[in-house]
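Enquirer:
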Amino acid sequence: MSASDDVPMTAPLDAGLPSADPLDDVARGTGVALWKQIVERIEADIADGRLAPGVRLPPEVELAERFGVNRHTLRRALAMLTEQGLIEATPGRGTFIKEPPLRYPIAARTRFSEIVSREGRAPGGKLVGSRIEVATPEIAEALRLPPGAEVLRVDMVREADGVPLTVGSHWYDAERCRDLDLVVAATGSVTRALETLGLGDYRRLETRVTARPADEEERRLLSLPAGRTVLVVDSINGDAQRRPIQYSRARFAADRVQLVVKN
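Listed below in C-alpha coordinates is the structure:
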(Lines of atoms letter the chains of each structure in order from A; the text may use other names.)
(Lines give C-alpha, C1' and ligand atoms only; values in the text may rest on other atoms or scores of the structure.)
Protein backbone atom coordinates (compact mmCIF):
# COMPACT_ATOMS: atom_id res chain seq x y z
CA MET A 5 0.00 0.00 0.00
CA SER A 6 1.17 3.50 -0.65
CA ALA A 7 1.69 6.22 1.86
CA SER A 8 -1.48 8.00 0.67
CA ASP A 9 -4.38 7.82 0.56
CA ASP A 10 -14.06 5.34 -9.51
CA VAL A 11 -15.44 2.20 -12.78
CA PRO A 12 -18.77 4.10 -12.45
CA MET A 13 -21.63 1.81 -11.49
CA THR A 14 -22.98 0.08 -14.57
CA ALA A 15 -26.50 0.24 -13.14
CA PRO A 16 -28.12 2.67 -10.74
CA LEU A 17 -27.91 2.04 -7.01
CA ASP A 18 -30.89 0.05 -5.73
CA ALA A 19 -31.71 -1.07 -9.27
CA GLY A 20 -32.46 -4.40 -7.61
CA LEU A 21 -33.73 -7.38 -9.53
CA PRO A 22 -34.94 -7.15 -13.13
CA SER A 23 -38.57 -6.28 -13.62
CA ALA A 24 -39.60 -9.81 -14.70
CA ASP A 25 -41.68 -11.51 -12.02
CA PRO A 26 -39.26 -13.72 -10.07
CA LEU A 27 -42.12 -15.88 -8.81
CA ASP A 28 -42.33 -17.37 -12.31
CA ASP A 29 -38.92 -18.94 -11.68
CA VAL A 30 -39.40 -20.13 -8.09
CA ALA A 31 -41.76 -23.08 -8.19
CA ARG A 32 -42.72 -25.66 -5.60
CA GLY A 33 -42.99 -29.34 -6.32
CA THR A 34 -40.30 -29.39 -8.99
CA GLY A 35 -37.74 -31.35 -6.99
CA VAL A 36 -35.38 -28.35 -6.99
CA ALA A 37 -34.99 -26.67 -3.60
CA LEU A 38 -36.37 -23.14 -3.48
CA TRP A 39 -33.08 -21.66 -2.25
CA LYS A 40 -31.27 -23.26 -5.19
CA GLN A 41 -33.82 -21.82 -7.63
CA ILE A 42 -33.11 -18.36 -6.20
CA VAL A 43 -29.38 -18.92 -6.61
CA GLU A 44 -29.85 -20.03 -10.22
CA ARG A 45 -32.10 -17.05 -11.00
CA ILE A 46 -29.63 -14.51 -9.64
CA GLU A 47 -26.69 -16.31 -11.26
CA ALA A 48 -28.45 -16.07 -14.63
CA ASP A 49 -29.28 -12.39 -14.15
CA ILE A 50 -25.62 -11.66 -13.36
CA ALA A 51 -24.35 -13.70 -16.31
CA ASP A 52 -26.78 -11.97 -18.71
CA GLY A 53 -25.89 -8.51 -17.42
CA ARG A 54 -29.32 -7.79 -15.96
CA LEU A 55 -27.63 -7.47 -12.57
CA ALA A 56 -24.43 -5.48 -13.09
CA PRO A 57 -21.43 -5.14 -10.75
CA GLY A 58 -22.08 -2.57 -8.05
CA VAL A 59 -25.88 -2.93 -8.05
CA ARG A 60 -27.37 -3.11 -4.57
CA LEU A 61 -29.92 -5.85 -3.98
CA PRO A 62 -33.20 -5.01 -2.22
CA PRO A 63 -33.43 -5.69 1.55
CA GLU A 64 -33.92 -9.27 2.67
CA VAL A 65 -37.58 -8.81 3.58
CA GLU A 66 -38.35 -7.43 0.10
CA LEU A 67 -36.40 -10.18 -1.65
CA ALA A 68 -38.17 -12.86 0.38
CA GLU A 69 -41.56 -11.41 -0.57
CA ARG A 70 -40.65 -11.18 -4.26
CA PHE A 71 -39.46 -14.79 -4.39
CA GLY A 72 -42.36 -15.99 -2.22
CA VAL A 73 -40.12 -17.67 0.38
CA ASN A 74 -39.32 -17.22 4.04
CA ARG A 75 -36.19 -15.34 5.12
CA HIS A 76 -34.41 -18.54 6.20
CA THR A 77 -34.67 -19.89 2.63
CA LEU A 78 -33.56 -16.57 1.19
CA ARG A 79 -30.56 -16.35 3.52
CA ARG A 80 -29.43 -19.82 2.47
CA ALA A 81 -29.47 -18.66 -1.16
CA LEU A 82 -27.59 -15.44 -0.34
CA ALA A 83 -25.02 -17.41 1.65
CA MET A 84 -24.35 -19.63 -1.37
CA LEU A 85 -24.02 -16.61 -3.68
CA THR A 86 -21.61 -15.04 -1.20
CA GLU A 87 -19.56 -18.24 -1.03
CA GLN A 88 -19.38 -18.24 -4.84
CA GLY A 89 -18.06 -14.66 -4.77
CA LEU A 90 -21.03 -13.26 -6.72
CA ILE A 91 -22.41 -10.96 -4.03
CA GLU A 92 -20.97 -9.24 -1.00
CA ALA A 93 -22.61 -7.72 2.08
CA THR A 94 -21.08 -4.58 3.56
CA PRO A 95 -22.34 -3.58 7.03
CA GLY A 96 -24.27 -0.33 6.92
CA ARG A 97 -24.56 -0.32 3.12
CA GLY A 98 -26.34 -3.51 2.07
CA THR A 99 -25.69 -6.44 -0.26
CA PHE A 100 -24.17 -5.74 -3.66
CA ILE A 101 -23.36 -7.61 -6.84
CA LYS A 102 -19.64 -7.98 -6.39
CA GLU A 103 -17.29 -5.77 -8.34
CA PRO A 104 -14.38 -7.44 -10.17
CA PRO A 105 -11.06 -7.21 -8.31
CA LEU A 106 -9.55 -3.74 -8.48
CA ARG A 107 -6.24 -3.58 -10.37
CA TYR A 108 -3.69 -2.12 -7.97
CA PRO A 109 -0.34 -1.35 -9.63
CA ILE A 110 2.76 -1.25 -7.45
CA ALA A 111 5.38 1.00 -8.96
CA ALA A 112 7.87 3.69 -7.98
CA ARG A 113 5.00 6.11 -7.45
CA THR A 114 2.11 4.32 -5.76
CA ARG A 115 -0.88 6.40 -4.58
CA PHE A 116 -4.07 4.75 -3.34
CA SER A 117 -6.49 7.55 -4.30
CA GLU A 118 -5.06 7.92 -7.80
CA ILE A 119 -5.18 4.17 -8.42
CA VAL A 120 -8.78 3.80 -7.24
CA SER A 121 -9.92 6.88 -9.19
CA ARG A 122 -8.31 5.58 -12.40
CA GLU A 123 -10.36 2.41 -11.99
CA GLY A 124 -13.51 4.54 -12.00
CA ARG A 125 -14.28 4.09 -8.33
CA ALA A 126 -14.48 6.61 -5.51
CA PRO A 127 -11.57 6.44 -3.03
CA GLY A 128 -12.04 7.00 0.67
CA GLY A 129 -10.10 6.67 3.88
CA LYS A 130 -10.47 7.04 7.60
CA LEU A 131 -8.07 7.17 10.51
CA VAL A 132 -8.45 4.20 12.85
CA GLY A 133 -5.88 5.38 15.39
CA SER A 134 -2.44 6.85 15.97
CA ARG A 135 0.16 6.83 18.70
CA ILE A 136 3.83 7.34 19.50
CA GLU A 137 5.68 4.09 20.18
CA VAL A 138 9.19 2.72 20.34
CA ALA A 139 10.36 1.36 17.00
CA THR A 140 10.85 -2.37 16.72
CA PRO A 141 14.24 -3.45 15.37
CA GLU A 142 12.60 -4.13 11.98
CA ILE A 143 11.03 -0.67 11.77
CA ALA A 144 14.13 1.10 13.08
CA GLU A 145 16.24 -0.61 10.42
CA ALA A 146 13.74 0.19 7.66
CA LEU A 147 13.64 3.89 8.62
CA ARG A 148 17.37 4.04 9.40
CA LEU A 149 16.73 5.09 12.98
CA PRO A 150 18.79 4.24 16.06
CA PRO A 151 17.53 1.44 18.32
CA GLY A 152 14.87 2.65 20.72
CA ALA A 153 13.91 5.67 18.59
CA GLU A 154 10.32 6.90 18.79
CA VAL A 155 8.06 6.47 15.78
CA LEU A 156 4.59 7.77 14.96
CA ARG A 157 2.21 4.94 14.07
CA VAL A 158 -0.86 5.76 11.95
CA ASP A 159 -3.54 3.10 11.28
CA MET A 160 -6.04 3.60 8.45
CA VAL A 161 -8.78 1.83 6.52
CA ARG A 162 -8.94 2.62 2.79
CA GLU A 163 -12.07 2.14 0.68
CA ALA A 164 -13.34 2.11 -2.91
CA ASP A 165 -17.01 3.06 -3.38
CA GLY A 166 -17.43 2.62 0.37
CA VAL A 167 -16.13 -0.98 0.32
CA PRO A 168 -13.04 -1.47 2.52
CA LEU A 169 -10.07 -2.71 0.50
CA THR A 170 -7.17 -2.44 2.90
CA VAL A 171 -6.22 -1.70 6.46
CA GLY A 172 -2.76 -0.22 6.76
CA SER A 173 -0.29 0.59 9.54
CA HIS A 174 2.30 3.25 8.75
CA TRP A 175 5.31 4.25 10.81
CA TYR A 176 7.29 7.53 10.63
CA ASP A 177 10.18 9.15 12.44
CA ALA A 178 8.25 10.82 15.29
CA GLU A 179 10.59 13.81 15.38
CA ARG A 180 10.21 14.46 11.67
CA CYS A 181 6.47 13.78 11.35
CA ARG A 182 5.05 14.43 14.82
CA ASP A 183 1.75 16.09 13.79
CA LEU A 184 1.17 14.11 10.62
CA ASP A 185 -1.68 12.12 12.17
CA LEU A 186 -3.66 15.30 12.84
CA VAL A 187 -3.62 16.17 9.13
CA VAL A 188 -4.51 12.58 8.22
CA ALA A 189 -7.51 12.74 10.55
CA ALA A 190 -8.68 15.96 8.88
CA THR A 191 -8.13 14.90 5.25
CA GLY A 192 -8.27 11.09 5.23
CA SER A 193 -5.10 11.17 3.11
CA VAL A 194 -1.55 10.39 4.12
CA THR A 195 -0.29 11.85 0.84
CA ARG A 196 -1.83 15.23 1.63
CA ALA A 197 -0.45 15.08 5.14
CA LEU A 198 3.05 14.39 3.84
CA GLU A 199 2.69 17.24 1.36
CA THR A 200 2.16 19.65 4.26
CA LEU A 201 5.54 18.51 5.58
CA GLY A 202 7.20 18.97 2.20
CA LEU A 203 7.40 15.20 1.63
CA GLY A 204 4.70 14.74 -0.99
CA ASP A 205 7.06 13.55 -3.74
CA TYR A 206 7.88 10.24 -2.07
CA ARG A 207 8.88 7.12 -4.01
CA ARG A 208 8.62 3.39 -3.36
CA LEU A 209 11.99 1.95 -2.36
CA GLU A 210 11.01 -1.61 -1.50
CA THR A 211 7.93 -3.87 -1.55
CA ARG A 212 7.39 -7.35 -0.09
CA VAL A 213 4.16 -9.32 -0.54
CA THR A 214 2.96 -12.30 1.49
CA ALA A 215 -0.46 -13.85 2.23
CA ARG A 216 -2.16 -15.30 5.31
CA PRO A 217 -5.62 -15.78 6.84
CA ALA A 218 -7.16 -12.54 8.11
CA ASP A 219 -7.12 -12.13 11.89
CA GLU A 220 -10.15 -11.05 13.91
CA GLU A 221 -9.35 -7.32 13.79
CA GLU A 222 -8.75 -7.40 10.04
CA ARG A 223 -12.02 -9.26 9.46
CA ARG A 224 -13.84 -6.60 11.46
CA LEU A 225 -12.25 -3.61 9.71
CA LEU A 226 -12.51 -5.14 6.23
CA SER A 227 -15.96 -6.72 6.75
CA LEU A 228 -14.62 -10.19 5.92
CA PRO A 229 -16.18 -13.53 6.85
CA ALA A 230 -14.09 -16.09 8.71
CA GLY A 231 -11.53 -17.93 6.62
CA ARG A 232 -10.79 -15.11 4.16
CA THR A 233 -7.24 -14.30 3.13
CA VAL A 234 -5.37 -10.98 3.21
CA LEU A 235 -2.42 -9.97 1.06
CA VAL A 236 0.18 -8.38 3.30
CA VAL A 237 2.22 -5.69 1.54
CA ASP A 238 5.24 -4.41 3.48
CA SER A 239 6.80 -1.37 1.86
CA ILE A 240 9.32 1.39 2.40
CA ASN A 241 8.82 4.84 0.86
CA GLY A 242 11.57 7.45 0.61
CA ASP A 243 12.07 11.11 -0.20
CA ALA A 244 13.78 12.57 -3.27
CA GLN A 245 17.18 11.65 -1.78
CA ARG A 246 15.96 8.05 -1.18
CA ARG A 247 15.98 8.53 2.58
CA PRO A 248 13.22 6.37 4.11
CA ILE A 249 10.30 8.38 5.46
CA GLN A 250 7.65 5.70 5.88
CA TYR A 251 7.42 2.00 6.64
CA SER A 252 4.00 0.50 5.85
CA ARG A 253 2.22 -2.79 6.40
CA ALA A 254 -0.99 -2.95 4.35
CA ARG A 255 -3.42 -5.86 4.54
CA PHE A 256 -5.58 -6.08 1.42
CA ALA A 257 -8.76 -8.16 1.16
CA ALA A 258 -7.32 -10.70 -1.27
CA ASP A 259 -10.50 -11.20 -3.31
CA ARG A 260 -11.05 -7.45 -3.80
CA VAL A 261 -7.74 -6.47 -5.38
CA GLN A 262 -5.31 -7.67 -7.99
CA LEU A 263 -1.79 -6.50 -7.23
CA VAL A 264 0.12 -5.61 -10.39
CA VAL A 265 3.89 -5.15 -10.21
CA LYS A 266 5.05 -2.49 -12.70
CA ASN A 267 8.53 -2.91 -14.16
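Using my numbering, the first residue of the sequence shown is number 5, and each one after it goes up by one.
Think of the CB as a built atom: it goes at the ideal place given N, C-alpha and C, for glycine as much as any other residue.
Pull up the CB-CB distance for Val-187 and Thr-200, whole angstroms please, since I reckon it's below 8 Å.
Expert: 5 Å
Enquirer: State the DSSP-derived secondary structure class of Ser-134, mapped to helix, strand or coil.
Expert: strand
Enquirer: Go ahead and label Val-73 buried or exposed: buried means 16 or more other beta carbons lie within 10 angstroms of its beta carbon, across all protein chains shown.
Expert: The residue is buried, with at least 16 neighbouring Cβ atoms inside 10 Å.
Enquirer: Where does Ser-227 sit, in a helix, a strand or coil, going by DSSP?
Expert: coil
Enquirer: Distance, Cα to Cα, Thr-86 vs Pro-229?
Expert: 10 Å
Enquirer: Terminal residues of the continuous beta strand (DSSP E) containing Val-120?
Expert: From DSSP, Val-120 is part of no beta strand (DSSP E) but of the alpha helix (DSSP H) over 116 to 122.
Enquirer: Looking at Arg-60: is its Cβ nearer than 7 Å to the Cβ of Ala-68?
Expert: no
Enquirer: Should Glu-92 and Gly-128 be called a contact, given that it needs their Cβ atoms to be closer than 7 Å?
Expert: no
Enquirer: Tell me, to the nearest whole angstrom, how far the beta carbon of Ala-197 is from that of Thr-233; I am working on the premise that it is less than 8 Å.
Expert: Ala-197 to Thr-233, Cβ: 30 Å. No contact.
Enquirer: In chain order, what residues of the same chain have a beta carbon less than 6 Å from the beta carbon of Thr-94, not counting five sequence neighbours either side?
Expert: Val-167 and Ser-227
Enquirer: Suppose you measure from the CA of Arg-255 to the CA of Val-265; what does that come to, to the nearest Å?
Expert: 16 Å
Enquirer: Decide yes or no for the touch test of the segment 200 to 213 against the segment 237 to 256: beta carbon pairs closer than 8 Å, at least 3 of them.
Expert: Because the criterion of three Cβ pairs below 8 Å is met, the segment 200 to 213 and the segment 237 to 256 touch.
Enquirer: According to DSSP, Gln-41 sits in a beta bridge with which residue or residues?
Expert: None, per the DSSP bridge assignment.
Enquirer: Going by the DSSP bridge assignment, what does Ala-154 pair with across the sheet?
Expert: Note that residue 154 corresponds to Glu in the displayed sequence, not to Ala. Paired residues: Val-138.
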